[in-house]
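Here's the structure, in structure tokens; my notes come after.
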Amino acid sequence: MDSGSLRCYGSSLFLKRHFGAGYHLRMEKKSVDIDSNSIKKIVYDHVKDAKIESSVGIEITFSLPSEEIAKFGSLLRCIETDLVDQIVNYGISITTMEEVFLKVGSHNQKKTESLMLTENGTKTKSSAINIGNGDMKNYVAKVKNSGSKLIFQQFYALLVKRILYSYRNPILTIIQFILPILILISTLLMMKSIPTLAPFRKLEMSLDQFNNPFVKYFAHNDNLSISLAKDYEDTLKDEISDNRIIGKR
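At position 6 of the sequence shown the residue is numbered 6 (the UniProt record's numbering), and the sequence of numbers has no breaks.
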């Protein structure tokens, strides 16, 4: 996938064979002073289509095409015997899927640029396809939307995707739309079937509901109460003053 479109598909081995850079041969020299020309000569003598990718410091990397994999054995044996005094170690690895993705993306970008028309409108920039007297608008490269147009395009794409998904899965669509409605209706029916509580009646506060509604009360300023309390006090004092001592000699 690149820019929302399917560019290629297949197994990892198929993609690496068609879009990969083959194999990578990395060698580490013993020192920076060692001349790389002798190393390059040995590699080129065994694999003619080999290309040097990088040579930085003590590390040098070659790109070996996968079509010449039969020659790798003799190349590695020569490295083991002739370059034992010049390199510390070496390794060979196949193209990774990340490199395949990067190459496919760059290839599609170049292809898009090649569709741009020249000023005379007779042929494309690099593919040299003759378009004759046709409509030029059909061959002009499209510009990516941005801002509100991009938002509307994304919304429209999601809406179409949702419609197609619902059309292809009718059972799931029915469940999504009908089931919530049935649950809502059943909930409303259950709420209506529950009996409501009767409203509370007003509570009347009155003494008429008692048999003997007379209530006794006490007032501090009542003369009768004061005299009664005085008599009770005098009685207690008389009992206290009448002391009797038992067993005194």
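From the three backbone atoms N, C-alpha and C, an ideal C-beta is built for every residue, glycine too.
Beta-carbon proximity of residue i to residue j, cut-off 8 Å
i, j, result
"L70", "F62", "Before going further, note that residue 70 is Ala rather than Leu in the sequence given. Cβ atoms of A70 and F62: not closer than 8 Å."
"L25", "L64", "yes"
"H46", "S74", "yes"
"S11", "M97", "no"
Continuous beta strand (DSSP E) stretch holding residue i: start and end
i, result
"M27", "23 to 29"
"E59", "59 to 64"
"G4", "From DSSP, G4 is part of no beta strand (DSSP E); its letter is neither H nor E."
"I92", "87 to 94"
Classification of residue i by the beta-carbon crowding that lies within 10 angstroms, buried from 16 upward
i, result
"M27", "buried"
"residue 309", "Any answer about residue 309 is impossible in this case: the structure gives the chain only from 1 up to 249."
"L6", "exposed"
"G22", "buried"
"T95", "buried"
"V56", "exposed"
"V88", "exposed"
"D231", "exposed"
"I79", "buried"
"K29", "buried"
"I39", "buried"
"V160", "exposed"
"I60", "buried"
"Y9", "exposed"
Residue i CB to nearest heavy atom of the ligand FMN below 7 Å
i, result
"Y167", "This structure lacks the ligand FMN; in fact it carries no ligand of any kind."
Extent of the continuous alpha helix (DSSP H) to which residue i belongs
i, result
"F14", "12 to 19"
"F152", "148 to 168"
"F72", "72 to 82"
"I39", "37 to 46"
One or two residues paired with residue i in a DSSP bridge
i, result
"K51", "S63"
"V104", "DSSP output for V104 lists no bridge partner at all."
"V56", "E59"
Minimum Cβ-Cβ distance from residue i to chain D less than 8 Å
i, result
"S12", "Here there is only one protein chain, and chain D is not present."
Taking three-plus beta-carbon pairs below 8 Å as touching, is the region 33 to 43 in contact with the region 8 to 24? no
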